[in-house]
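Student: Numbering-wise (full-length UniProt numbering), the sequence shown opens with residue 1 and increments by one.
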Amino acid sequence: MVSRTPTKPPPSPKLGAGSVTPSKPSPTLVARRGRALRRRLSPATTKRRGSPLKSLASATAAVAASLDRSIRSCRRRCLKLFARLAVLGSPRKRRAAAAGFQRLRSSSPPPHPPPPPSQNPAVRAQSAALPPPPSPGRRTLFLDLDETLIHSQTDPPPSRFDFTVRPVIGGQAVTFYVVKRPGVEAFLRAAAEIFEVVIFTAGLQEYASLVLDRLDPDGEVFAHRLYRGACHDAGDGRLVKDLAATGRALDRAVIVDDNPNAYALQPENAVPVAPFVDDDNDQELQRVMAFVDVAAWYEDTREAIRYYKDLVTAS
Numbered sequence: 001m002v003s004r005t006p007t008k009p010p011p012s013p014k015l016g017a018g019s020v021t022p023s024k025p026s027p028t029l030v031a032r033r034g035r036a037l038r039r040r041l042s043p044a045t046t047k048r049r050g051s052p053l054k055s056l057a058s059a060t061a062a063v064a065a066s067l068d069r070s071i072r073s074c075r076r077r078c079l080k081l082f083a084r085l086a087v088l089g090s091p092r093k094r095r096a097a098a099a100g101f102q103r104l105r106s107s108s109p110p111p112h113p114p115p116p117p118s119q120n121p122a123v124r125a126q127s128a129a130l131p132p133p134p135s136p137g138r139r140t141l142f143l144d145l146d147e148t149l150i151h152s153q154t155d156p157p158p159s160r161f162d163f164t165v166r167p168v169i170g171g172q173a174v175t176f177y178v179v180k181r182p183g184v185e186a187f188l189r190a191a192a193e194i195f196e197v198v199i200f201t202a203g204l205q206e207y208a209s210l211v212l213d214r215l216d217p218d219g220e221v222f223a224h225r226l227y228r229g230a231c232h233d234a235g236d237g238r239l240v241k242d243l244a245a246t247g248r249a250l251d252r253a254v255i256v257d258d259n260p261n262a263y264a265l266q267p268e269n270a271v272p273v274a275p276f277v278d279d280d281n282d283q284e285l286q287r288v289m290a291f292v293d294v295a296a297w298y299e300d301t302r303e304a305i306r307y308y309k310d311l312v313t314a315s
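(1) Helix, strand or coil: how does DSSP classify V277 here?
(2) Do you know offhand how far P157's Cα is from V277's?
(3) Using 10 angstroms around the beta-carbon of A230, count the other beta-carbons present and answer buried if the total reaches 16, otherwise exposed.
(4) S152: buried (16+ other C-beta within 10 angstroms of its C-beta) or exposed?
(5) For a minimum of 3 consecutive residues, which ranges assigned as the beta strand (DSSP E) are wholly contained in the segment 250-294?
(6) Looking only at DSSP bridge pairs, what is F142 linked to?
(7) Could you check how far apart the C-beta atoms of I194 and L143 are, in whole angstroms? I think they sit under 8 angstroms.
(8) Between which two residues does the beta strand (DSSP E) harbouring S152 extend?
(9) Could you tell me whether the segment 291-301 touches the segment 167-176, where touching means 3 or more Cβ pairs closer than 8 angstroms?
(10) Helix, strand or coil for Q126? Go by DSSP, reduced to three states.
(11) In the structure shown, what three-state DSSP assignment does V211 receive?
(12) Got a sec? Which residues, its chain only, sit under 8 angstroms from V184 by beta carbon, not counting five neighbours each side?
(13) Less than 7 angstroms between the beta carbons of residue 321 and T246, yes or no?
(14) Keeping to the same chain, check which residues put their C-beta closer than 7 angstroms to that of A128; ignore five residues upstream and five downstream.
(15) Mapping the DSSP letters down to three states, classify F187 as helix, strand or coil.
(16) Where does K309 sit, in a helix, a strand or coil, going by DSSP?
(17) Apart from the five residues on each side of it in sequence, which residues of its chain come closer than 6 angstroms, Cβ to Cβ, to D258?
(18) On a CA-only basis, which of F222, A192, R228 and H224 is nearest A202? Give me that one, please.
(19) If we count the other Cβ atoms within 10 Å of its Cβ and call it buried at 16 or more, is Q205 buried or exposed?
(20) Should D233 be labelled buried (16 or more other beta-carbon atoms within 10 Å of its own) or exposed?
(21) A208: which of K180, P217 and V165 sits nearest, CA to CA?
(22) Could you tell me which of L250, F163, Q283 and D282 sits nearest to D300, measuring between CA atoms?
(23) Kindly list the residues whose CB is nearer than 7 angstroms to the CB of F161, restricted to its own chain and excluding five residues on each side of it in sequence; keep chain order.
(24) Quick one: grab the DSSP three-state call for T175.
(25) Work out the CA separation of P267 and G235 for me, nearest whole Å.
(26) If you run the structure through DSSP and keep just helix, strand and coil, what is R238?
(27) Can you tell me whether R225 is helix, strand or coil according to DSSP?
(28) Give me the Cα-Cα distance between S159 and W297, rounded to the nearest whole angstrom.
(29) Which residues bound the beta strand (DSSP E) around F161?
The following block contains the structure:
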């Protein structure tokens, strides 16, 4: 038979000495914890994390913009430095270079004495159009020859010269004594690694081709050679080198020449140099190489040339 008497709950265990009675959390503490939990779970206040793709895109754009600013700043600093170097030459060279920016010389001395009028050879016409460049994005460096890379003269021989050439001009063999501009070999090798190097000279092919064979005996530097026949006759005795006729993009072309008449059609593409005669301490080619090294970073080489000229003129 089951007893209906209620069962008493078991007595609470007695606490021994040193025991601590567990305390219940206060109502205030419970309320605070509840509010904090509701805030964490509430959609209105939950902080949403951004999309990883968006964060990556933003970071990439920021890095690209920072790199672009750094490159532009580096270009400006390098050009400013090289422009200062360009005016460290002798006063005579500084005057000659400054004059090249401000005016066109009415006439330029011929690179060598012409043959007698009765034996004056007919200049063979040459198309200035060049074959397409092997690399479409490669920039082109047009170089003058006489008084830019070398200086030559006929008899009497100078006290010092590097080599001789003996072309036949108008049926007569003529000896030319050639002096190389200091640093020309190193300049040509370095330039050919960055640019498509094209010789554009107003000299006769019979003479200039022999000189160029001595400067580039293995044919590894000069991609093309343009002679007097490829120049444009301005009608007043001036020979102009039209870069547009070569088929090269003008925003990727630089011409280095000592004669402002030569680049009269595209002065914005020109880096003038002082004429070279026989100065053993000449450093023009070192300065030009420093400049074209930086200009190769520009999408439009005319921008680099313009900035360079402004700095040289201001100095």
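We treat Cβ as the ideally placed atom computed from N, Cα and C, and that holds for glycine. All figures in this text were calculated on a predicted structure; none of them were measured in a lab.
Tutor: According to the structure shown:
(1) coil
(2) 14 angstroms
(3) buried
(4) buried
(5) 253-257 and 270-272
(6) V198 and I255
(7) About 13 angstroms separates the two Cβ atoms, so there is no contact after all.
(8) I150 to Q153
(9) no
(10) coil
(11) helix
(12) L149, I150, L215 and L285
(13) Because the chain here runs from 1 to 315, residue 321 falls outside it and cannot be looked at.
(14) L226, A230, D242, A245 and T246
(15) helix
(16) helix
(17) E147, T148, V273 and P275
(18) R228
(19) buried
(20) exposed
(21) V165
(22) L250
(23) Y177, V178 and V179
(24) coil
(25) 19 angstroms
(26) coil
(27) strand
(28) 42 angstroms
(29) Looking at the DSSP string, F161 is not in any beta strand (DSSP E), and its letter there is neither H nor E.
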